[in-house]
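2 protein chains.
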Amino acid sequence: MDRPHLRVAVVGAGFVGRALVEMLSDPERQIALDDAATATLEIVGVGVRDVERSRPGVPRHLLTDKVLDLVSRDDVDIVVELMGGVDLAKSVAEIALGRGASLVTANKALMALCGTELARLANDHGADLMYEASVGGAIPIIRALRSSLAGERISRVIGIVNGTTNFVLSEMSERGLDYDTALSQAQALGYAEADPRADVEGFDAAAKVQILASLAIGTALEGQEISREGISSLRVVDVEFARRAGYVIKALGVIERVGEHGLSRRTHPALVPLDHPLASVHGAMNAVFVEGDKSGPLMWLGRGAGGEATATAVLGDLLHAARNRVAGRHDLPFTVDDRLYPVDEGDVSSVFYISLDVLDEPGVLAEVAGVFSRHDVSIQSMEQSGFAHEARLSFVTHLARTRDVTATLADLNDLTSVDRVGACIRVVDGGTA
Amino acid sequence: MDRPHLRVAVVGAGFVGRALVEMLSDPERQIALDDAATATLEIVGVGVRDVERSRPGVPRHLLTDKVLDLVSRDDVDIVVELMGGVDLAKSVAEIALGRGASLVTANKALMALCGTELARLANDHGADLMYEASVGGAIPIIRALRSSLAGERISRVIGIVNGTTNFVLSEMSERGLDYDTALSQAQALGYAEADPRADVEGFDAAAKVQILASLAIGTALEGQEISREGISSLRVVDVEFARRAGYVIKALGVIERVGEHGLSRRTHPALVPLDHPLASVHGAMNAVFVEGDKSGPLMWLGRGAGGEATATAVLGDLLHAARNRVAGRHDLPFTVDDRLYPVDEGDVSSVFYISLDVLDEPGVLAEVAGVFSRHDVSIQSMEQSGFAHEARLSFVTHLARTRDVTATLADLNDLTSVDRVGACIRVVDGGTA
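Next up, the structure:
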């Protein structure tokens, strides 16, 4: 069959870029790729910062460090941006979309910061903007939210969207390691960076929450603060309590409708019931759990990172963009519901697990319970365990406003009988069936 | 905005049909639906067998029993077939597609029997054929396989695609019920039919395996026998053994590449490791687990049945078909790889769990072990438990050819020391991380 010919420029030749180039060059895949693209795809160049570095799998003659020249070429139909970072990537995106070329990107920082703006630019120029790989690696969650669930009202999205923290927490939970040891192990295995803050403090997850919120609920609240709690203060005792009580601790990104038009967007660790599908997401895997009004619970699971896994999501986008191009159309940009506003996170209610180290003296429990009660935080269950002159009190509350729990903790900290507040972690409610 | 106007005919007004009509008529959803369809959608008629029956949520004036007249109307752009069955449904599909209208269907029997034929018809007439709801209810697995994973080589698909059997097995596993009690309970709760054979004997799962095989691997082996084992002979002792050994028993539909172009398609119960994502699929939920060469493991989970959940999948298809129609294009039909052939299931290798009731006499174990060895079936682990003059031997094999295991069982049955073969169930290997 005489197929149209499309020219593709790839920017970035790290793990993902190299895996993509290899898949596109694999003779075993050619027929299937051409069928899926409804076109023959030609890589006309691979933009990199340093053309001298060895890039196994990428033919030397394709490499160029004239990145902006490459993506400005009139004959390039689709630009694939896999370099990361924001500044140069944004220029690449603007040049490509601005002249009507389609853009496929795996860049979560770019999409979190400039997604709506780029989507408008794409729409204005009849181009596609696709970013499946920016959230959840290989998991095809973006297209599902944009297309399959287009008619559904999503009430909540809970994602395990950071493989590093999920690996660290899995090691703590399954092997009893403390946080520092688990993190060192993640670093030794290449799951965590030498500077792990972007992962363990929730910045990475917050960017993905930003992207999912735009898509799943339709909001353009870019630049607005996302409430963020990391996992670095989690203790083995809390992980063990969770296990005894039927939970496992996971680092989550959450998007939740509050009332009709309020939106809570936050990242934090949480106790997840062991029979919840998210509880079975082990190691460096990612998952996105979606609650739709009519669909009920849905979950997607897969590898959240890794060159080849991420490259499959990029490839899916590239083939889709190619089909659109051949058909002379483009995907709908995401629509924004202007009525949505970010709620004050203090007003959001959750169930909380709270652990206190207290002096083992008469009257302490009554004193502590009085503080909870004064702030209208009602207790669902309590466990006490003693160590010499100290005791640990572990509470699970009923649904309580975050603001009231924060005030409770402040007052508890002021009690001389309370040595420290060891943990205050949200609890995901309910099962799914 | 002045949007194109598309006319929709719905055939069938059971739970799914009524839920769809209600969602399309919900004033709260109108703007979002029009945005997603890029058109205004009008339901011009709802075809039913009996117009006198009460159909809450469906305006009386839309009902008609002239089903073929309805779908033959020149002004109908999209036909939604939700009546089930094959004969009339096939006529509806052929009429609609034959005149270039797009068809959305939730009909697994129709798609399993005639999917390839209808896909060709759709393609010949520039129409869309969409069937997301035919497998896995609300789970958007079909579009994911067709679009997001278009460039990926899928090596294995394992689905929990029948909610009835998953509910029965969950009750057996989690509450210790025997098969008959669990089934009665499923019937009382409306999860199982009065005649449960289509579910418990694997016919329903086999139809879904057929559809997924076409899509995931690209085969048109319709009408070819799918190897099928039901769950009705499962005993509580086997469920308990599984639990002790770190497994849970699930009824699975499996599609597996064998060698380069062989394909195994089968339904059977299997022992699933507790840390496998499929193990956490409880009750009537469905899930599809996909292994891609580059993507690694992926899983989708959601409600496999229920009017509203299924209707969300139908709605996603309808909106997508509407967008295509407005843009004057249609989705690619699935492509068929003619080199694929169904393997002899006897040649397929699995790990097996085998349980034998034997006389508790000296020499029996040696005799039994001799039979395994004679057929080259090697044992990974063994457990013996005694009851009066009887004993139960439970084996887990290493990877063994199905044919060899079948021959082993036949010889074991001939031994006077073997009272009966209690179970022979495959074991899903490996984790996913």
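The listed protein sequences correspond, in order, to chains A and B.
Taking the working numbering, I'd label the letters of the first sequence as residues 5 to 437.
Taking the working numbering, I'd label the letters of the second sequence as residues 5 to 437.
C-beta: ideal position from N, C-alpha, C; glycine also.
Please read these numbers as outputs of a predicted model, since none were measured by experiment.
To the nearest whole angstrom, what separates the beta carbons of residue i and residue j, a pair I think is in contact under 8 angstroms?
i: B:Leu45; j: B:Leu28; result: 6 angstroms
i: B:Leu66; j: B:Gly88; result: With 8 angstroms as the limit, B:Leu66 and B:Gly88 do not qualify as a contact, their Cβ atoms being about 20 angstroms apart.
i: A:Leu275; j: A:Tyr183; result: Actually they do not touch by this definition, with Cβ atoms about 16 angstroms apart.
i: B:Leu360; j: B:Val425; result: 6 angstroms
i: A:Ile215; j: A:Lys112; result: 6 angstroms
i: B:Thr168; j: B:Tyr195; result: 5 angstroms
i: A:Thr406; j: A:Ser354; result: 7 angstroms
i: B:Leu10; j: B:Ile82; result: 6 angstroms
i: B:Gly390; j: B:Gly141; result: Contact doesn't hold; Cβ gap of about 45 angstroms is too wide.
i: A:Ala325; j: A:Val108; result: 6 angstroms
What did DSSP end up calling residue i once you bin it into helix, strand or coil?
i: B:Asn127; result: helix
i: A:Thr436; result: Low local confidence applies: a pLDDT of 36 at A:Thr436 is under 50, so the model's placement there is unreliable, with the coordinate-based value given in what follows. Coil.
i: A:Ser68; result: With the sequence shown as reference, residue 68 of chain A is identified as Thr, and Ser is not the correct amino acid for it. Strand, per DSSP.
i: A:Arg424; result: strand
i: A:Glu229; result: coil
i: A:Glu394; result: strand
i: A:Ala315; result: helix
i: A:Thr223; result: coil
i: B:Tyr135; result: coil
i: A:Gly21; result: helix
i: B:Gly296; result: strand
i: A:Pro440; result: Missing from the structure shown is residue 440 of chain A; chain A here goes from 5 to 437 and no further.
i: A:Val213; result: helix
i: B:Gly16; result: coil
i: B:Leu419; result: coil
i: B:Ile146; result: helix
i: B:Arg239; result: coil
i: A:Arg407; result: helix
i: A:Ala255; result: strand
i: A:Glu197; result: coil
i: A:Glu244; result: helix
i: B:Gly119; result: helix
I'd like the list of long-range same chain contacts for residue i, defined as Cβ closer than 8 angstroms, with 5 residues on each side in sequence excluded.
i: B:Ser299; result: Leu153 and Glu156
i: B:Asp408; result: His379, Asp380 and Val381
i: A:Gly320; result: Glu136, Pro144 and Arg147
i: A:Cys118; result: Val90, Lys94, Ala97 and Glu226
i: A:Asp415; result: Val375, Arg378 and His379
i: B:Val372; result: Leu360, Val362, Leu397, Leu416, Leu419, Ser421 and Val422
Give every residue of the same chain whose Cβ lies closer than 6 angstroms to the Cβ of residue i, excluding the five residues on either side of it in the sequence, and list them in chain order.
i: B:Gly296; result: Glu156 and Ile158
i: A:Arg232; result: Gly206, Ala210 and Thr271
i: A:Ala437; result: Confidence is the limiting factor: at A:Ala437 the pLDDT is only 33, short of 50, which leaves the residue's position unreliable and the question unanswerable from this model.
i: A:Pro337; result: Ala123 and Asn127
i: A:Thr420; result: none
i: B:Val340; result: Gly222 and Ala224
i: B:Ala36; result: none
i: A:Asp335; result: Asp132
Enumerate in chain order the residues of its own chain whose CB-to-CB distance from residue i is below 7 angstroms, with the five nearest sequence positions on each side excluded.
i: B:Leu114; result: Val90, Ala93, Lys94 and Ala97
i: B:Ala315; result: Val20, Ala23, Leu24 and Met27
i: A:Gly435; result: Reliability of the predicted coordinates at A:Gly435 is poor, the pLDDT of 40 falling under 50, and the value obtained from them is presented with this limitation in mind. So the list reads Pro277, Asp279 and His280, once near-sequence residues are dropped.
i: B:Glu175; result: Leu181, Ala186 and Gln189
i: B:Ala202; result: Asp208
i: B:Ala283; result: Val252, Val276 and Pro277
i: A:Ala100; result: Val75, Val83 and Leu107
i: A:Val139; result: Lys112, Ile145, Ile146, Val165, Lys212, Ile215 and Leu216
Checklist entry - In chain order, which continuous runs of the beta strand (DSSP E) of length 3 or greater are located wholly inside the region 58-115 of chain A? => result 82-85 and 106-109
Checklist entry - Between the region 293-305 of chain A and chain B, which residues of the former have CB atoms less than 8 angstroms from a CB of the latter, in chain order? => result Gly296, Lys298, Ser299, Gly300, Pro301, Leu302, Met303, Trp304 and Leu305
Next on the checklist: By the 8 angstroms beta-carbon criterion, what residues does the region 145-169 of chain A contribute toward chain B?
Outcome noted: Arg147, Ala148, Ser151, Ser152, Leu153, Ala154, Gly155, Glu156 and Arg157
Checklist entry - Mind pulling the beta strand (DSSP E) runs of 3 or more residues that sit fully within the region 24-62 of chain A? => result 44-51
Item to check | Contact residues within the region 254-271 of chain B, judged by C-beta distance below 7 angstroms to chain A | outcome: none
Item to check | Whole runs of the beta strand (DSSP E) within the region 316-377 of chain A, excluding any shorter than 3 residues | outcome: 353-363
Checklist entry - Whole beta strand (DSSP E) runs in the region 153-194 of chain B with 3 or more residues, listed along the chain? => result 158-164
Item to check | Contact list for the region 126-140 of chain A against chain B, Cβ threshold 8 angstroms | outcome: Glu136
Item to check | Residues in the region 308-319 of chain A having any Cβ partner in chain B nearer than 8 angstroms | outcome: Gly310, Glu312, Ala313, Ala315, Thr316, Ala317 and Leu319
Checklist entry - Which of the residues in the region 44-66 of chain A, read from start to end, lie with their CB under 9 angstroms from any CB of chain B? => result none
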